[in-house]
Amino acid sequence: MKMNAGFTQPPPVQIQGLIARYGEKTVLEGVDFIASPGIITVIIGGSGCGKSTLLKHALGLYQPAGGRIFLFGRDIDEVSDTELKHIRMRIGVLFQNGALFTSMTVGENVAVVIRENTDLPEEIIAQMVRMKLSLVGLEDAIGKYPEELSGGMRKRAALARAIASDPEVLFCDEPSAGLDPVVASELDDLLLNMRSLFNMTMVVVTHELESIKKIADRVVMLDDGGIVAQGTLDEVMSMRDYRVHDFFNRISHTEEKSRASIYAVSEGKDA
Amino acid sequence: MTGNDISINVLEDAEPAVVEFNGALDRSTVPEVFRRLRPLFNRKTPLVFDFGGVARMDSSGLALVAYGFRKLGTGSGGLSLRSIGGEVEKTLKLAGWNFSGAQSLTEDGHSSFAETAGAEAEKAASSVYYYLYLISETLYHSIVTPWKGEKPRLAIFVAQMARLGAGSAPIVWLIALLVGLTTAYQAAYQLRQFGANIYIADLVAISMMTELGPLMAAIMVAGRSGAAITAEIGTMQVNEEIDALRLIGMHPVQYLVVPKVYAVVITQALLGITSACVGILGGYVIAVSYLDLSSAAFVNKAVNSLVMMDLVNNLSKSAIFGFIIVTVGSFYGLRVSGGAEGVGRATTNSVVTSIFLIIVTDCVYSLI
Numbered sequence: 004m005k006m007n008a009g010f011t012q013p014p015p016v017q018i019q020g021l022i023a024r025y026g027e028k029t030v031l032e033g034v035d036f037i038a039s040p041g042i043i044t045v046i047i048g049g050s051g052c053g054k055s056t057l058l059k060h061a062l063g064l065y066q067p068a069g070g071r072i073f074l075f076g077r078d079i080d081e082v083s084d085t086e087l088k089h090i091r092m093r094i095g096v097l098f099q100n101g102a103l104f105t106s107m108t109v110g111e112n113v114a115v116v117i118r119e120n121t122d123l124p125e126e127i128i129a130q131m132v133r134m135k136l137s138l139v140g141l142e143d144a145i146g147k148y149p150e151e152l153s154g155g156m157r158k159r160a161a162l163a164r165a166i167a168s169d170p171e172v173l174f175c176d177e178p179s180a181g182l183d184p185v186v187a188s189e190l191d192d193l194l195l196n197m198r199s200l201f202n203m204t205m206v207v208v209t210h211e212l213e214s215i216k217k218i219a220d221r222v223v224m225l226d227d228g229g230i231v232a233q234g235t236l237d238e239v240m241s242m243r244d245y246r247v248h249d250f251f252n253r254i255s256h257t258e259e260k261s262r263a264s265i266y267a268v269s270e271g272k273d274a
Numbered sequence: 350m351t352g353n354d355i356s357i358n359v360l361e362d363a364e365p366a367v368v369e370f371n372g373a374l375d376r377s378t379v380p381e382v383f384r385r386l387r388p389l390f391n392r393k394t395p396l397v398f399d400f401g402g403v404a405r406m407d408s409s410g411l412a413l414v415a416y417g418f419r420k421l422g423t424g425s426g427g428l429s430l431r432s433i434g435g436e437v438e439k440t441l442k443l444a445g446w447n448f449s450g451a452q453s454l455t456e457d458g459h460s461s462f463a464e465t466a467g468a469e470a471e472k473a474a475s476s477v478y479y480y481l482y483l484i485s486e487t488l489y490h491s492i493v494t495p496w497k498g499e500k501p502r503l504a505i506f507v508a509q510m511a512r513l514g515a516g517s518a519p520i521v522w523l524i525a526l527l528v529g530l531t532t533a534y535q536a537a538y539q540l541r542q543f544g545a546n547i548y549i550a551d552l553v554a555i556s557m558m559t560e561l562g563p564l565m566a567a568i569m570v571a572g573r574s575g576a577a578i579t580a581e582i583g584t585m586q587v588n589e590e591i592d593a594l595r596l597i598g599m600h601p602v603q604y605l606v607v608p609k610v611y612a613v614v615i616t617q618a619l620l621g622i623t624s625a626c627v628g629i630l631g632g633y634v635i636a637v638s639y640l641d642l643s644s645a646a647f648v649n650k651a652v653n654s655l656v657m658m659d660l661v662n663n664l665s666k667s668a669i670f671g672f673i674i675v676t677v678g679s680f681y682g683l684r685v686s687g688g689a690e691g692v693g694r695a696t697t698n699s700v701v702t703s704i705f706l707i708i709v710t711d712c713v714y715s716l717i
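This is how it looks when you write it as structure tokens:
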């Protein structure tokens with residue numbers, strides 16, 4: 004595990020006492036969270052525990068009911084729109100469903116990020132697009148529209164767009180959701196590759212056990228509106244908290260069933 | 350049968366009457382409990398259920414409580430609940446009723462009429478606030494940001510003009526022609542009786558130019574393009590594309606709404622004026638074929654009946670209608686939640702609201 008945080012550098016992402024509400028319902032109550040530089044922090048927890056909510060608040064997409072959010076040491080509630088735009092340029096996001104712009108080709112989806120935020124000439128932008136798509140193995144899909152791609156390809160195209168502006172932090176919301184285990188594992192390899200190539204800080208929301216095992220340097224578990232466990236995966240799994248045990252039992256059970264049904268289908272049995 | 354027992358102690362002298370349960374309130378005991386409580390429910394006087402002695406409650410017990418609420422109402426004037434804890438609280442939570450201690454349902458669950466009305470009024474006020482906020486953002490990005498060195502999005506603007514405006518032209522013109530024909534035909538019958546055939550030209554020209562042309566065009570465009578705007582932006586919202594836009598530094602209003610405003614305001618003005626002309630053409634057909642007016646007489650009278658202000662009225666009104674169609678469509682699109690069903694709901698609301706606001710604006714315009 005890499006820990007290259009200097010004493011003078013603030014953490015790329017820091018959340019203090021976050022309170023998140025949807026109408027009357029409180030989803031997160033006083034959550035403190037830090038993403039350390041250069042490591043992959045995986046946020047886990049059951050459905051509806053507030054994982055994606057935490058992520059969207061960290062990105063400044065939702066207005067918190069309480070608490071403060073710091074990106075690269077700056078309180079995003081106190082910065083100007085222009086500064087927020089600059090801060091966001093240092094962040095990439097891989098959305099759960101990719102969120103590719105359906106009216107644009109894959110190449111345009113990547114190019115628009117660079118074009119909107121730089122004055123680079125079109126030739127350089129085109130070259131950058133090819134480089135980013137080549138990193139995710141999609142250089143041949145540059146002229147295709149998102150609807151022409153498979154689920155895995157869409158996720159990879161979305162990853163290419165997320166890294167288009169060379170972000171220092173990459174947020175991933177359920178990267179493996181809706182993908183079969185093989186494609187999900189390939190995507191995990193890509194994320195690890197990105198981290199080692201660019202020394203990126205990553206915050207990944209997932210509940211796929213295989214992914215957690217493969218990519219997590221640090222695990223943060225949410226439940227009951229707050230963080231109930233954090234540490235390395237081994238540390239978290241060895242904690243004597245029934246919620247932690249319950250969660251890991253549930254997801255390992257689900258994944259075993261999923262593997263069994265894939266095996267049954269591949270063997271020609273009725274799953 | 351589960352084999353559980355329950356005893357009920359009804360304190361009828363208490364004010365209000367109290368029913369104390371002891372044991373399990375489940376499918377084996379509820380039939381007997383209900384038989385005993387039916388007279389109390391029918392009496393329609395305030396009642397308190399004390400769950401202090403209830404060890405277990407299932408959905409049939411929950412149904413008993415719900416029946417009581419339905420018959421007696423909630424809160425101190427109807428049925429209230431107390432001594433809720435353990436299993437009972439868990440079961441009530443399953444039904445989405447969040448109780449603790451002696452809270453009544455009115456305090457923390459279902460709402461009274463006044464609370465519902467208040468919540469709806471708050472929701473409406475918040476919608477008006479956000480709509481006005483969207484209008485201010487749209488005006489800012491339409492008028493101010495082009496002077497701040499932002500790159501113009503001409504390609505998007507032209508594409509939107511073609512899709513939202515020009516695409517609506519055939520149906521708008523067809524409707525305008527039919528309205529012109531109908532108006533003239535209805536008027537012809539009356540005018541003929543007084544030998545005032547020639548005034549059909551004034552009637553059709555003024556009504557189509559100042560009222561029916563812009564109004565019919567706006568209603569058709571609200572149904573066609575307004576719905577398309579809501580569906581497009583709503584789908585982007587559901588697919589998190591709007592969040593993605595924000596994060597890559599593109600303001601959704603500037604990128605999605607402003608080009609549509611420019612496109613629809615301009616094309617709506619053109620549609621308003623052309624549909625008025627097509628409507629007058631409809632009137633001309635009736636005048637010439639049914640009232641035996643000469644072409645020259647109709648054209649001469651129609652042209653002389655219109656003044657420059659009518660033209661200005663038509664253009665300005667159409668432009669405002671166009672602005673309403675885009676901002677209402679975008680407003681509902683940006684507030685979509687709840688997946689595909691939410692998009693459908695927002696699209697319907699968008700069309701209804703647009704048409705309503707167009708007609709209200711038209712009334713106000715006619716008065717001033």
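Read top to bottom, the protein sequences are chains R and Z. Residue numbering for the first sequence follows our numbering, starting at 4 and increasing by one per position. Residue numbering for the second sequence follows our numbering, starting at 350 and increasing by one per position. Note that the Cβ used here is the ideal one computed from N, Cα and C, for glycine as well. These numbers were taken from a predicted model, which means no experiment stands behind them.
Below-9 Å beta-carbon distance, residue i vs any chain Z residue
i	result
V116 of chain R	yes
E150 of chain R	no
T288 of chain R	Residue 288 of chain R is absent from the structure shown; chain R starts at 4 and stops at 274.
V186 of chain R	no
L225 of chain R	no
E119 of chain R	yes
R77 of chain R	no
Q99 of chain R	yes
I230 of chain R	no
M205 of chain R	no
F104 of chain R	yes
I127 of chain R	no
K2 of chain R	Only positions 4 to 274 of chain R appear in the structure, and residue 2 of chain R is not among them; the question remains open.
L162 of chain R	no
S168 of chain R	yes
Same chain, Cβ closer than 8 Å to residue i, neighbours up to 5 away in sequence not counted
i	result
L640 of chain Z	A537, L540, R541, N546 and I549
I18 of chain R	V34, D35, F36, I37, L57, H60, A61, G70, R71, I72 and F73
I357 of chain Z	V368, E369, F370, N371, V382, R385 and L386
A515 of chain Z	T616
R253 of chain R	G49
V713 of chain Z	none
Nonlocal neighbours in the same chain, by C-beta distance under 7 Å from residue i, ignoring five residues either side
i	result
G146 of chain R	T108 and G110
A68 of chain R	I22, A23 and R24
V700 of chain Z	A571, G572, G575 and A576
V675 of chain Z	I578, V606, K609, V610 and V613
V437 of chain Z	F400, V403 and M406
L552 of chain Z	A536
I669 of chain Z	T710
In DSSP terms, what residue i is bridged to
i	result
T423 of chain Z	Z:L428
D399 of chain Z	Z:E369 and Z:R431
L356 of chain Z	In the sequence as presented, Leu is not what sits at residue 356 of chain Z; that position holds Ser. BP columns for S356 of chain Z point to Z:N371.
D220 of chain R	Looking at the DSSP assignment, D220 of chain R forms no beta bridge with any residue, so it has no partner.
R118 of chain R	Paired residue(s): none; R118 of chain R is not in a bridge.
D78 of chain R	R:F73
M107 of chain R	M107 of chain R is not bridged to any residue.
Q19 of chain R	R:R71
I94 of chain R	R:V172
Own chain, CB closer than 6 Å to residue i, minus 5 neighbours either side, in chain order
i	result
Q779 of chain Z	With chain Z covering only 350 through 717, there is no way to say anything about residue 779 of chain Z.
R502 of chain Z	P608
L360 of chain Z	V367
M92 of chain R	N120 and S168
L513 of chain Z	S574, A612 and V613
G671 of chain Z	V613, V614 and Q617
S449 of chain Z	Because S449 of chain Z carries a pLDDT of 46, less than 50, the predicted location of this residue cannot be relied on, and the following value inherits that uncertainty. Closer than 6 Å at the Cβ level, and outside the excluded window around S449 of chain Z, lies no residue.
Cβ-heavy atom distance, residue i to the ligand NAP, below 8 Å
i	result
G110 of chain R	You won't find the ligand NAP in this model; it holds no ligand whatsoever.
Residues in the region 580-603 of chain Z with C-beta within 7 Å of chain R's C-beta atoms, listed in sequence order?
N588, E589, E590, D592, A593, R595, L596, I597, G598 and M599
Continuous alpha helix (DSSP H) assignments of at least 4 residues falling wholly in the region 21-76 of chain R
54-61
Please go through the region 131-198 of chain R and give each complete beta strand (DSSP E) segment of 3 or more residues, from N-terminal end onward.
172-176
Just list the alpha helix (DSSP H) runs in the region 225-264 of chain R, keeping only unbroken ones of 4 residues or longer that don't cross its boundaries, in chain order.
236-240
Unbroken stretches of the beta strand (DSSP E), 3 residues or longer, contained in the region 547-613 of chain Z
none
Counting only Cβ-Cβ distances shorter than 9 Å, please list the residues of the region 130-146 of chain R near chain Z, keeping chain order.
none
Closer than 8 Å, Cβ to any Cβ of chain Z: which residues of the region 77-97 of chain R, in chain order?
K88, R91, M92, I94 and V96
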